[in-house]
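Asker: Sharing a structure below in structure tokens format, with a few things to ask.
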DNA sequence: TGAAAGGTTTACCATAAGGTAAACTATATA
DNA sequence: TATATAGTTTACCTTATGGTAAACCTTTCA
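Chains as they are written, first to last, in this note's numbering: chain A, 0 to 106; chain B, 0 to 106.
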């Protein structure tokens, strides 16, 4: 889970994911939109693989990448679990109590 | 968005968020479950604030923290957007093509 | 008026990210 | 058989994380 959120924390990798969501791509295709060198692309893909978000298949000298759905699903589940909690609590009594209990706010 | 996913990438911070989803808490309360020093707790909270996930109100010497829903919602929206895309594409034709087009897989 | 309690700040350390240039491996092709 | 192409590896740099200890500021309270 750490690795998944770490992978999503970089804008370049998020754009790579967006690209892959529309179909598989090679390493070169994934790196082309960005003005970064090839080793940088290699590192990003490796990080995405380490998070389980991307799978690679080698065909000759070409590496074709595809997305894996499971880790992203788990990340979404984590968020969803707690989002539900606080939406029900913060919109209701808990928020009222938190806001009104202490009177002397200085910020 | 970078900051939000970065904040979620650490297990200590995720547990702090889980704690906050059940109601507001002080800095001390948030750090107590972990065997880390006070400066470490301060840093985690700061990072959560920087991501907009946590809001702090000072009452005397006590700092009371609450969750903010918006950034988490945005993070979830980002995931949801692309998850939809690839679930519809990978479960269907695109995945079929990706898997079958190149014959000589060596991995 | 002290001293304790809640937090922060200031160094300081180790490791991971994100980037580069240069050299390298392996496959395809003229 | 050269040479170009796709991608990786190694070595290096800078900045951000995650942690500590020690000193500090504020507020509370005996």
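The C-beta atom is built at its ideal place from N, Cα and C for all residues, glycine as well.
Nearest by alpha-carbon distance to residue 52 of chain B: which of B/20, B/70, B/38, B/60 is it?
Answerer: The residue given as residue 52 of chain B occupies position 53 in the second chain. Answer by Cα proximity: B/70.
Asker: Tell me residue 55 of chain A's beta-bridge partners as DSSP assigns them.
Answerer: Along the first chain, read from residue 1 onward, the residue named residue 55 of chain A stands at position 56. Answer is A/64.
Asker: Any beta carbon of chain B sitting closer than 8 Å to that of residue 71 of chain A?
Answerer: Looking up residue 71 of chain A in the first chain gives position 72. Judged by the 8 Å Cβ criterion, residue 71 of chain A is in contact with chain B.
Asker: Taking residue 65 of chain B as the reference, give the member of B/2, B/44, B/31 with the closest Cα.
Answerer: Position 66 of the second chain, counted from the first residue, corresponds to residue 65 of chain B. Per the Cα distances, B/44.
Asker: Along the alpha helix (DSSP H) that carries residue 2 of chain A, what are the first and last residues, could you check?
Answerer: Here residue 2 of chain A refers to the residue found at position 3 of the first chain. Here the alpha helix (DSSP H) through residue 2 of chain A covers 1 to 7.
Asker: Can you check whether the CB of residue 4 of chain B is closer than 8 Å to the CB of residue 47 of chain A?
Answerer: Taking the first chain and counting its residues from 1, one reaches residue 47 of chain A at position 48. Taking the second chain and counting its residues from 1, one reaches residue 4 of chain B at position 5. For residue 47 of chain A and residue 4 of chain B, no; Cβs fall outside 8 Å.
Asker: Work out the CA separation of residue 77 of chain A and residue 33 of chain B for me, nearest whole Å.
Answerer: Your numbering for residue 33 of chain B matches position 34 in the second chain. Your numbering for residue 77 of chain A matches position 78 in the first chain. In a straight line, the C-alpha of residue 33 of chain B is about 20 Å away from that of residue 77 of chain A.
Asker: If you draw a straight line from the C-alpha of residue 13 of chain A to the C-alpha of residue 68 of chain A, how long is it?
Answerer: To locate residue 13 of chain A, count along the first chain from 1; it is residue 14. To locate residue 68 of chain A, count along the first chain from 1; it is residue 69. One C-alpha to the other measures close to 14 Å.
Asker: At the level of alpha carbons, what is the spacing between residue 106 of chain A and residue 63 of chain B?
Answerer: The residue given as residue 106 of chain A occupies position 107 in the first chain. The residue given as residue 63 of chain B occupies position 64 in the second chain. Because residue 106 of chain A carries a pLDDT of 22, less than 50, the predicted location of this residue cannot be relied on, and the following value inherits that uncertainty. Cα to Cα, the separation comes out at about 11 Å.
Asker: From residue 42 of chain B to residue 73 of chain B, what does the alpha carbon distance come to, in whole angstroms?
Answerer: If you number the second chain from 1, residue 42 of chain B lands on position 43. If you number the second chain from 1, residue 73 of chain B lands on position 74. Those two C-alpha atoms are separated by around 23 Å.
Asker: Give a yes or no on whether 8 Å exceeds the smallest Cβ distance from residue 47 of chain A to chain B.
Answerer: Counting from 1 along the first chain, the entry for residue 47 of chain A is found at position 48. Chain B contact via Cβ: absent.
Asker: Anything in the segment 19 to 38 of chain A with a Cβ closer than 8 Å to a Cβ of chain B? List those residues in chain order, please.
Answerer: Against chain B - using a Cβ distance shorter than 8 Å - the residues of the segment 19 to 38 of chain A are 19, 20, 21, 22, 23.
Asker: Taking C-alpha atoms, which residue in A/11, A/19, A/50 lies nearest to residue 36 of chain A?
Answerer: Counted from its first residue, the first chain places residue 36 of chain A at position 37. It is A/11 whose Cα lies nearest to the Cα of residue 36 of chain A.
Asker: Along chain A, which residues have their Cβ under 9 Å away from the Cβ of residue 11 of chain B?
Answerer: On the second chain, residue 11 of chain B is found 12 positions in, with the first residue counted as 1. Within chain A, no residue comes near residue 11 of chain B; the closest Cβ sits about 10 Å away, beyond 9 Å.
Asker: Going by CA-CA distance only, name the one from A/1, A/0, A/22, A/31 that's closest to residue 82 of chain B.
Answerer: As a working mapping, residue 82 of chain B is identified with position 83 in the second chain. The shortest Cα separation from residue 82 of chain B among A/1, A/0, A/22, A/31 belongs to A/22.
Asker: In whole angstroms, what separates the C-alpha of residue 54 of chain A from that of residue 60 of chain A?
Answerer: As a position in the first chain, residue 54 of chain A is number 55, starting the count at 1. As a position in the first chain, residue 60 of chain A is number 61, starting the count at 1. Cα-Cα distance, rounded: 16 Å.
Asker: Can you look up residue 74 of chain A in the DSSP assignment and give me helix, strand or coil?
Answerer: As a working note, residue 74 of chain A is residue 75 in the first chain. DSSP places residue 74 of chain A in helix when its eight states are reduced to three.
Asker: Flag residue 82 of chain B as yes if its beta-carbon sits less than 8 Å from any beta-carbon of chain A, otherwise no.
Answerer: For the purposes of this step, residue 82 of chain B is taken as residue 83 along the second chain, with counting starting at 1. With 8 Å as the cut-off, residue 82 of chain B counts as an interface residue toward chain A.
Asker: Suppose you measure from the CA of residue 80 of chain A to the CA of residue 17 of chain B; what does that come to, to the nearest Å?
Answerer: Your numbering for residue 80 of chain A matches position 81 in the first chain. Your numbering for residue 17 of chain B matches position 18 in the second chain. One C-alpha to the other measures close to 9 Å.
Asker: With a cut-off of 8 Å, does the C-beta of residue 43 of chain B fall near any C-beta of chain A?
Answerer: In the second chain, residue 43 of chain B corresponds to position 44, counting from 1. Output row for residue 43 of chain B: interface = no.
Asker: Taking residue 2 of chain A and residue 50 of chain A to be in contact with their CB atoms under 8 Å, please state how far apart those CB atoms are, rounded to whole angstroms.
Answerer: Translated into positions along the first chain, residue 2 of chain A becomes position 3. Translated into positions along the first chain, residue 50 of chain A becomes position 51. With a Cβ gap of about 4 Å, residue 2 of chain A and residue 50 of chain A count as contacting.
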